[in-house]
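Position one of the sequence shown corresponds to residue 7 (the numbering used here), numbered consecutively onward. Ideal placement from N, C-alpha and C gives every residue a C-beta, glycine not left out. Fair warning: this is a prediction, and the values are worked out from it, not measured in the lab.
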Amino acid sequence: MTRLFIATGMEHVDVTRITLLLYDSQLKKTPYCRIGPNFKMLPDAESFRRLVDGRATGLVATLGRTGLSAIEIPYEALVRLRNYGYDHSILTVKKASAPVISVGNLTLGGTGKTPLVAWLAHWFAQHNKKPAIISRGYKAKTGQLSDEAAELKILLPTVPHYANKQRIIAAGEAVTKGSDVLLLDDGFQHRQISRDLNLITIDATDPFGCNRIFPRGLLREPLWGLKRADALVLTRTDQVSIKTRNEIQEQCFQFVGSHDKPWIETEHRPSNLRLVDGTTQPLKTLQDKRILSLSAIGNPAAFHRTLTTLGHEPVATLTFPDHHTYTTDDIHRISEETESVGAEIIVTTLKDLVKLPLASVRNRPLCALEIGIQFQTGLQDLEYLLNKIP
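1. Please confirm if the segment 358-372 is in contact with the segment 254-270, defined as three or more CB-CB distances below 8 Å between the two stretches.
2. Where Tyr332 and Thr325 are concerned, what is the direct C-alpha to C-alpha distance, given to the nearest angstrom?
3. Using a 10 Å radius around the Cβ and a threshold of 16 neighbouring Cβ atoms, would you call Tyr390 buried or exposed?
4. Rounded to a whole number of angstroms, what is the C-alpha to C-alpha distance between Ala67 and Trp129?
5. Return the chain-ordered list of same chain residues with a C-beta closer than 7 Å to the C-beta of Asp30, the five sequence neighbours on each side being excluded.
6. Leaving out five residues before and five after Pro396 in sequence, what residues of the same chain have Cβ atoms less than 7 Å from its Cβ?
7. Check the C-beta distance from Ala302 over to Pro268 and give it rounded, since I have them as a contact under 8 Å.
8. Return yes when the Cβ of Val187 is within less than 9 Å of the Cβ of Ala138, no when it is not.
9. Please list the terminal residues of the continuous beta strand (DSSP E) segment that includes Ile270.
10. Please classify Gly304 as buried or exposed, where buried requires at least 16 neighbouring CB atoms within 10 angstroms.
11. Please list the terminal residues of the continuous beta strand (DSSP E) segment that includes Leu188.
12. Take every Cβ of the segment 170-188, pair it with every Cβ of the segment 102-117, and state whether three or more of those distances are shorter than 8 Å.
13. For a minimum of 4 consecutive residues, which ranges assigned as the alpha helix (DSSP H) are wholly contained in the segment 85-142?
14. In terms of residue numbering, what span does the alpha helix (DSSP H) encompassing Phe259 cover?
15. Per DSSP, which one or two residues make a beta bridge with Ile77?
16. Could you have a look at Pro306 and say whether DSSP puts it in helix, strand or coil?
17. With DSSP run on the structure shown, which of helix, strand or coil describes Asn369?
18. Which same chain residues end up closer than 7 Å to Gln32 when comparing Cβ atoms and leaving out the 5 residues on each side of it in sequence?
19. So which of Ile351, Leu112 and Leu224 has the shortest CA-CA distance to Asp59?
20. Who are the Cβ neighbours of Thr168 in its own chain at under 8 Å, not counting the five residues just before and after it?
21. Kindly indicate the opening and closing residues of the beta strand (DSSP E) around Ser301.
22. Buried or exposed for Asn252, please, with buried defined as at least 16 other CB atoms from any protein chain shown within 10 angstroms of its CB.
23. State the DSSP-derived secondary structure class of Ala235, mapped to helix, strand or coil.
24. Less than 7 Å between C-beta atoms, sequence neighbours within five positions excluded: which residues of the same chain meet that for Val367?
25. Rounded to whole angstroms, what's the CA-CA distance from Ile248 to Thr315? Just pull it up for me.
26. Considering just the uninterrupted stretch of the alpha helix (DSSP H) at Asn393, what are its terminal residues?
27. Roughly how many angstroms lie between the CA atoms of Gly118 and Asn369, to the nearest whole one?
28. Which residue comes first and which comes last in the alpha helix (DSSP H) that contains His338?
29. According to DSSP, is Phe54 part of a helix, a strand, or is it coil?
30. Could you tell me which of Gly193, Val165 and Ala307 sits nearest to Thr207, measuring between CA atoms?
31. If distances are taken between C-alpha atoms only, which option among Pro327, His274 and Phe309 comes closest to Leu122?
32. According to DSSP, is Glu376 helix, strand or coil?
33. Should Asp93 be labelled buried (16 or more other beta-carbon atoms within 10 Å of its own) or exposed?
34. Please state the DSSP three-state secondary structure of Lys195.
35. What first and last residue would you give for the beta strand (DSSP E) that runs through Thr323?
36. Counting only the same chain and skipping the five closest in sequence on each side, list residues whose C-beta sits under 6 Å from that of Trp125.
This is the structure we're talking about:
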């Protein structure tokens, strides 16, 4: 049976042992959970998910959800007020000097935007365009790339990436340096910049963020925000049933108000294993190996399922909070777990590999599962929209 741990320095911690949940004053960071007999504080996205989706039970969890519901009310009011300002031209929207295609989502955590951004960049390059990626550079240190930017640099070594909290400034820099189409990464809520095409990704394994607004749920904004999308892209469809996919589609169109918008279904398909030195190995390298799964992403369960569907059930799964910066203690913790479970290979995500410049752990190779996007339905509709971009 797979052993699931949450990394907390040097301890093994069962994520069900939640005794207290606190929020930072800005309501932006991952919640902090007091866990275990030593009441060690750590950011823990999985514990937060258990709380808001109802899996965490008991008096403390009930009180926690009540408190989060109270905070949800003013937060949602501010989101609605902001959207009203943009919808009614009270707040200013600036136009870039090149066409903008935005890729975003409504929920917190990973929905599979990066593989879609990479596919779009390849598509435009193949159609004689010069794409550039524009992002906020979330949690990037000065002079360094964010997690997603570092990942995209590996996938798209010839495509420039510009990061700035004021994305219109990054867009201007990209155009000045020769780009003629701009891919706005995680841009759905960044309404200050106009876009020619608004794509929204929806994770089939967790489409509606518990149907509640942050911090009571995982939604960044109410679901009627789907109306702003020009096309809806359902990701990870291979991890749910056809019945579930159809139900998600119907729910989405209820919020959109019609069935007129293109509906696109995709899968995330592993292609190979990438090592720290940039070389790749075939997926069959994992055959009959004892695997330690390691990740610090928004949806670690989806990564685990991807490995499992390949026929490789990890002997242990080690998860850190999304956008986690690995420390020396973390490396030691990973090393200990590798030895403890007798892992023969450590498999992580590409986003994590760029932050773990290790060729091996305890002489066991460290590699990333490189994942691409494959269209099941709607590719023709998407290409029709892309061909309309000037």
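Taking the coordinates as given:
1. no
2. 12 Å
3. exposed
4. 47 Å
5. Annotation note: pLDDT 32 at Asp30 (below 50); position unreliable, coordinate value reported separately. Cβ within range, chain order: n/a, list empty.
6. Pro105
7. The Cβ separation is near 33 Å, so there is no contact.
8. yes
9. Trp269 to Leu281
10. buried
11. Val187 to Asp191
12. yes
13. 119-132
14. Ile248 to Val262
15. Its beta-bridge partners do not exist; DSSP assigns none.
16. helix
17. coil
18. Any reading at Gln32 must be qualified, since the residue scores a pLDDT of 31, below 50, and its modelled position is unreliable; the value itself is stated next. Nothing meets the Cβ criterion.
19. Leu224
20. Residue identity differs from the one stated: residue 168 is Tyr in this sequence, not Thr. If we look at Tyr168 and ignore the five residues flanking it on each side, its Cβ neighbours are Ala138, Ile139, Ile140, Ser141, Ala176, Ala177, Glu179 and Ala180.
21. Ile297 to Ser301
22. exposed
23. coil
24. Ile340, Ser341, Thr344 and Ile352
25. 17 Å
26. Leu385 to Asn393
27. 32 Å
28. Thr334 to Val347
29. helix
30. Gly193
31. His274
32. strand
33. exposed
34. The amino acid at residue 195 is misidentified as Lys; the sequence shows Gln. Here Gln195 sits in coil by DSSP.
35. Ala322 to Thr325
36. Ile379
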